[in-house]
Amino acid sequence: MLHVLQPGDAPARDRVLQAMFAARKSVFVDLLKWNVPVVAGTYEMDRFDDAQATYLILTDASGAHLGSARLLKTDRPHILNSYYRELCAKGPPSGPRIREVTRFCLDRRLKAAERREVRDTLVSALADHALECGVEAYSAIAQMGWFQQILAFGWRCRPLGLPRHCDGALLAALRIDIDRDTPALLRAAGIAPSAALTRDLRAAA
Amino acid sequence: MRLHQVALQFARVVEAAGDADELARILLAITLELGFQYFALSHHVDVAVVGDSAIRLHNYPAKWADYYDAQTLGVSDPVHRASHVTSVGFRWSQMSQMIPLTARDQRILELGRTQGIGDGFTIPAHVPGEARGSCSFAIETGRPVPETTLPLAQLAGGFAFEAARRLWSGRGHRGETDAPQLTDRQRDCVLWVARGKGDWEIGRILGVSEETVARHVKQACARYGVSKRTSLAIRTLFDGTLSFTDIFRR
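As given, the protein sequences belong to chains H and W, one line each in that order.
For the record, in the first sequence the residue sitting at position 60 is 60 according to the numbering used here, with numbers rising by one throughout.
Converting from the second sequence to the numbering used here requires adding 1000 to each position, the first position being numbered 1.
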């Protein structure tokens, strides 16, 4: 089931959000060893997790976290313009129609095949969400291995600057343009929402 | 700033490449612009076995390419092996710090140098569920590696590999759709096979009989068309049914 939590929504579904913050702690802190704040020893939350953030969260029928992504507005502080300006040759892209995708998170409990299903469904949801909300581009920061996977999703990507070594990793910033052709480009690259998760999507809509 | 313009230009032109020949011409131009002389874009497989379905594009001297194929270096090439332990571009001269180099590896590198291929820079390209691949840029023996353009080479290699992937899949070579599918129970058994357990042990772990495990493993082998458990484990790792994380997680 896809949950889209947007600024201005009725009080957020706490359980879904909580599960996502816990999953993020497990992935980004425990697994990837990112140096990011942890709240109450359980939840990975930083200053960008505020009322202005949008979340796309995939859960199973019981509400357990499968995957999630955080979208930040780019006309206010976000990751690229706060910490990684040097990754952009011409400054971070910003404006009301550009969102930064951060904390793309696949639950650690997923098996390899499920990970791919959840990943593909989440990527498709990102494109759909952009089209529904008039977002024309996403910006993102990626380590090189993940960068190659993002390219392989088939959508239109552009480097925002040259890769740089930051905190022991080689990072690059990129811009992903979203337009009416994007869903077809994703499908052509083999990225499609999983049948099971799509059924849930329709039920939720 | 200027390098970034070049990176954007690279991304645009490789994306527009309509076929492999065009991509090869573009890659050569990029290679020279970056200060290298040779490029090699490939899936890390034995080309003689896999044939056209594997990505392969290079401008190495024909004599070297023939030798390379004759020795089936596609799978054992030290450059390829080194690119499996990192997601970041590396210089060939750094390889000995990344993987153990055998005497044969040293001979291959030396032979490459006598054929005019000196140091190089390789960008790994791994898409889960597909053969690993890479894009290498190499210089003629005796010339220095163009240090300043390496970040650009990193990006160019990534985009070039993706362009090749798109062109090759357009030829209907992706072949993921009819991939074998295991039941959850078969997969559980294969996971323990990959962890080195025998049928009896797996039976104890999963709470079923040894015979049941043997049957699951046999049926899983049948679905993949292989007869050995080792081949089964490798195939499931390769297509993403299992991941290395699954195997090492406790």
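C-beta: ideal position from N, C-alpha, C; glycine also.
Should residue i be labelled buried (16 or more other beta-carbon atoms within 10 Å of its own) or exposed?
i	result
residue 1187(W)	buried
residue 129(H)	buried
residue 165(H)	exposed
residue 1172(W)	Unreliable placement is indicated for residue 1172(W), whose pLDDT of 43 sits below 50; the coordinate value is still reported in the next sentence. Looking at its Cβ environment, which holds fewer than 16 other Cβ atoms inside 10 Å, residue 1172(W) is exposed.
residue 1175(W)	Residue confidence is low: residue 1175(W) scores 44 on pLDDT, short of 50, so the model does not pin down where it sits. No coordinate-derived value is stated.
residue 117(H)	buried
residue 86(H)	exposed
residue 1134(W)	buried
residue 174(H)	buried
residue 1177(W)	Model confidence at residue 1177(W) stands at a pLDDT of 47, short of 50, so the residue's coordinates are unreliable; what they give is reported in the following sentence. It is exposed - the Cβ of residue 1177(W) has fewer than 16 other Cβ atoms within 10 Å.
residue 1231(W)	exposed
residue 1213(W)	buried
residue 1248(W)	exposed
residue 187(H)	exposed
residue 7(H)	exposed
residue 1164(W)	buried
residue 66(H)	buried
residue 1211(W)	exposed
residue 1037(W)	buried
residue 133(H)	exposed
residue 163(H)	buried
residue 1243(W)	buried
Which residue or residues does DSSP assign as beta-bridge partners of residue i?
i	result
residue 1133(W)	1043(W) and 1125(W)
residue 67(H)	58(H) and 106(H)
residue 157(H)	176(H)
residue 79(H)	According to DSSP, residue 79(H) bridges with nothing at all.
residue 1138(W)	1038(W) and 1120(W)
residue 1090(W)	1122(W)
residue 1208(W)	Residue 1208(W) is not bridged to any residue.
residue 1004(W)	Answer by DSSP bridge pairing: none, since residue 1004(W) is not bridged.
residue 166(H)	169(H)
To the nearest whole angstrom, what separates the beta carbons of residue i and residue j, a pair I think is in contact under 8 Å?
i	j	result
residue 211(H)	residue 185(H)	Any answer about residue 211(H) is impossible in this case: the structure gives chain H only from 1 up to 205.
residue 1041(W)	residue 1078(W)	Not confirmed; about 18 Å, so no contact.
residue 1014(W)	residue 1131(W)	That pair is no contact at about 20 Å.
residue 1086(W)	residue 1124(W)	6 Å
residue 161(H)	residue 88(H)	5 Å
residue 192(H)	residue 120(H)	6 Å
residue 20(H)	residue 68(H)	5 Å
residue 171(H)	residue 142(H)	7 Å
residue 1223(W)	residue 1182(W)	6 Å
residue 1112(W)	residue 1064(W)	7 Å
residue 58(H)	residue 197(H)	6 Å
residue 1099(W)	residue 1082(W)	5 Å
Less than 8 Å between the C-beta atoms of residue i and residue j, yes or no?
i	j	result
residue 55(H)	residue 110(H)	no
residue 1239(W)	residue 1129(W)	yes
residue 24(H)	residue 52(H)	no
residue 92(H)	residue 106(H)	no
residue 97(H)	residue 38(H)	no
residue 104(H)	residue 78(H)	no
residue 1030(W)	residue 1156(W)	yes
residue 1152(W)	residue 1003(W)	yes
residue 1142(W)	residue 1121(W)	no
residue 1011(W)	residue 1167(W)	no
residue 1284(W)	residue 1118(W)	Here chain W covers residues 1001 to 1250 and nothing more, so residue 1284(W) does not appear.
residue 71(H)	residue 100(H)	yes
residue 1229(W)	residue 1193(W)	yes
residue 207(H)	residue 31(H)	As shown, chain H starts at 1 and ends at 205. That puts residue 207(H) outside it, with no answer to give.
residue 1226(W)	residue 1189(W)	no
Contacting positions in the segment 143–164 of chain H - beta carbon closer than 9 Å to chain W: If the cut-off is 9 Å between Cβ atoms, the segment 143–164 of chain H has 143, 144, 145, 146, 147, 148, 149, 151, 152, 154, 156, 157, 158, 159, 160, 161, 162, 163 and 164 near chain W.
To be precise: take each residue of the segment 105–123 of chain H, compare its Cβ to all Cβ atoms of chain W, and keep it if any distance is under 8 Å. Which residues remain? So the close ones are 111, 112, 113, 115 and 116.
Closer than 9 Å, Cβ to Cβ, to anything on chain H: give me those residues from the segment 1105–1136 of chain W, in chain order. Listed in sequence order: 1123, 1124, 1125, 1126, 1127, 1128, 1129 and 1130.
Of all the residues that make up the segment 75–93 of chain H, which are near chain W by a beta-carbon distance shorter than 9 Å? For the segment 75–93 of chain H, which is checked against every Cβ of chain W, the residues closer than 9 Å are 88, 89 and 90.
Chain H contacts made by the segment 1150–1170 of chain W, where a contact means CB separation under 8 Å: Taking 8 Å as the cut-off between beta carbons, the residues of the segment 1150–1170 of chain W near chain H are 1151, 1152, 1154, 1155, 1158, 1159, 1161, 1162, 1165, 1166 and 1169, in sequence order.
What residues in the segment 1221–1244 of chain W bring their beta carbon closer than 7 Å to a beta carbon of chain H? Listed in chain order, the positions of the segment 1221–1244 of chain W with a beta carbon within less than 7 Å of a beta carbon of chain H are 1240, 1241, 1242 and 1243.
Short-range partners of chain W found in the segment 166–186 of chain H, where Cβ spacing is below 9 Å: Of all residues in the segment 166–186 of chain H, 169, 170 and 172 have a Cβ within less than 9 Å of some Cβ in chain W.
Scan the segment 1055–1082 of chain W for residues whose Cβ lies nearer than 8 Å to a Cβ of chain H and list them as they occur along the chain. Correct list: empty, as no residue qualifies.
Residues of the segment 1001–1028 of chain W with Cβ closer than 7 Å to any Cβ of chain H, in chain order: Listed by position along the chain: 1001, 1003, 1004, 1007, 1008 and 1011.
Which residues of the segment 1197–1210 of chain W have a Cβ closer than 9 Å to any Cβ of chain H? Give them in chain order. Legend: CB atoms of the segment 1197–1210 of chain W lying less than 9 Å from CB atoms of chain H are not found in any residue.
Name the residues in the segment 1082–1105 of chain W whose C-beta lies less than 8 Å from a C-beta of chain H; which are they? From the segment 1082–1105 of chain W, only 1087, 1088 and 1089 have a Cβ closer than 8 Å to chain H.
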